[in-house]
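In our numbering, the protein residues as written are 450 to 638. Data block below; observations after.
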């Protein structure tokens, strides 16, 4: 039995200086990509800031999208129907990242590569959209017709297999008050 499962791709604009710089090159309004395993966004993963106050301390993170860092974020949430085997593969890959998260760093050099259309691969290093595209590709379902090393967040939403669930303010989608820094995790985009 090959039952389909849902995986979600969340694209956001956190409004940081870094995302504004990226937007100036990509011209896309949403420049951060994350993967989620539930529509309520309780389990969201990406590569980004580990502390919202320090953009240089970045790597693999489980994101708290209810935290202050995302409080004013615009977003687009997409649902992707996948086979049970693809879902299991992607889940397993993410668990590997969780287990060995201290090994993984942010691929800032790779971001520069995207800007100049150069595939710059670094061991144990990813940027957000590279991470999402790699998970799907290794899971047997390529989302874009290019190397994950060149994927921008905006490229992900071009896949016709993705169904738009919501576009707008993230906090309005979540229907909740923002968690203050003292109450929530700091891991962010």
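Idealized CB from N, CA, C, for every residue including glycine.
Simplified DSSP state of residue i, which is helix, strand or coil
{"i": "residue 466", "result": "helix"}
{"i": "residue 578", "result": "helix"}
{"i": "residue 519", "result": "helix"}
{"i": "residue 536", "result": "helix"}
{"i": "residue 591", "result": "coil"}
{"i": "residue 555", "result": "strand"}
{"i": "residue 459", "result": "strand"}
{"i": "residue 486", "result": "coil"}
{"i": "residue 621", "result": "helix"}
{"i": "residue 472", "result": "helix"}
{"i": "residue 586", "result": "helix"}
{"i": "residue 602", "result": "helix"}
{"i": "residue 564", "result": "helix"}
{"i": "residue 501", "result": "coil"}
{"i": "residue 493", "result": "strand"}
Rounded separation between residue i and residue j - CA only
{"i": "residue 629", "j": "residue 618", "result": "Residue placement at residue 629 cannot be trusted, given a pLDDT of 43 that sits under 50; the coordinates are not used to answer."}
{"i": "residue 640", "j": "residue 588", "result": "This structure does not reach residue 640, given that the chain is present from 450 up to 638, and the question cannot be answered."}
{"i": "residue 563", "j": "residue 504", "result": "19 Å"}
{"i": "residue 523", "j": "residue 462", "result": "5 Å"}
{"i": "residue 468", "j": "residue 537", "result": "31 Å"}
{"i": "residue 607", "j": "residue 551", "result": "32 Å"}
{"i": "residue 465", "j": "residue 506", "result": "15 Å"}
{"i": "residue 518", "j": "residue 501", "result": "7 Å"}
{"i": "residue 471", "j": "residue 491", "result": "27 Å"}
{"i": "residue 545", "j": "residue 597", "result": "19 Å"}
{"i": "residue 582", "j": "residue 541", "result": "15 Å"}
{"i": "residue 566", "j": "residue 560", "result": "10 Å"}
{"i": "residue 632", "j": "residue 493", "result": "Any reading at residue 632 must be qualified, since the residue scores a pLDDT of 42, below 50, and its modelled position is unreliable; the value itself is stated next. Rounded to whole angstroms, residue 632 to residue 493 spans 18 Å at the Cα level."}
{"i": "residue 637", "j": "residue 609", "result": "Reliability of the predicted coordinates at residue 637 is poor, the pLDDT of 49 falling under 50, and no value is obtained from them."}
{"i": "residue 489", "j": "residue 479", "result": "20 Å"}
{"i": "residue 456", "j": "residue 498", "result": "23 Å"}
{"i": "residue 613", "j": "residue 584", "result": "20 Å"}
{"i": "residue 487", "j": "residue 539", "result": "14 Å"}
{"i": "residue 511", "j": "residue 547", "result": "8 Å"}
Neighbourhood of residue i by C-beta, 8 Å cutoff - its chain only, sequence neighbours within 5 removed
{"i": "residue 453", "result": "530, 531, 532, 533"}
{"i": "residue 558", "result": "569, 571, 574"}
Chain-order list of residues whose beta-carbon lies under 6 Å from that of residue i (same chain, five-residue window excluded)
{"i": "residue 622", "result": "615"}
Other residues of its chain near residue i: CB distance less than 7 Å, five sequence neighbours each side excluded
{"i": "residue 634", "result": "Per-residue confidence for residue 634 stands at a pLDDT of 46, beneath the threshold of 50, marking its modelled position as unreliable; the derived number appears in the next sentence. So the qualifying residues of the chain are 513, 516."}
{"i": "residue 535", "result": "588, 589, 590"}
{"i": "residue 580", "result": "495, 496"}
{"i": "residue 644", "result": "Here the chain has residues from 450 to 638 only, and residue 644 is not among them."}
Residue i and residue j closer than 7 Å at C-beta
{"i": "residue 477", "j": "residue 624", "result": "no"}
{"i": "residue 578", "j": "residue 595", "result": "no"}
{"i": "residue 611", "j": "residue 527", "result": "yes"}
{"i": "residue 525", "j": "residue 605", "result": "no"}
{"i": "residue 496", "j": "residue 555", "result": "yes"}
{"i": "residue 573", "j": "residue 509", "result": "no"}
{"i": "residue 459", "j": "residue 485", "result": "yes"}
Any C-beta of chain D under 7 Å from that of residue i
{"i": "residue 554", "result": "The structure shown contains no chain D, having only a single protein chain."}
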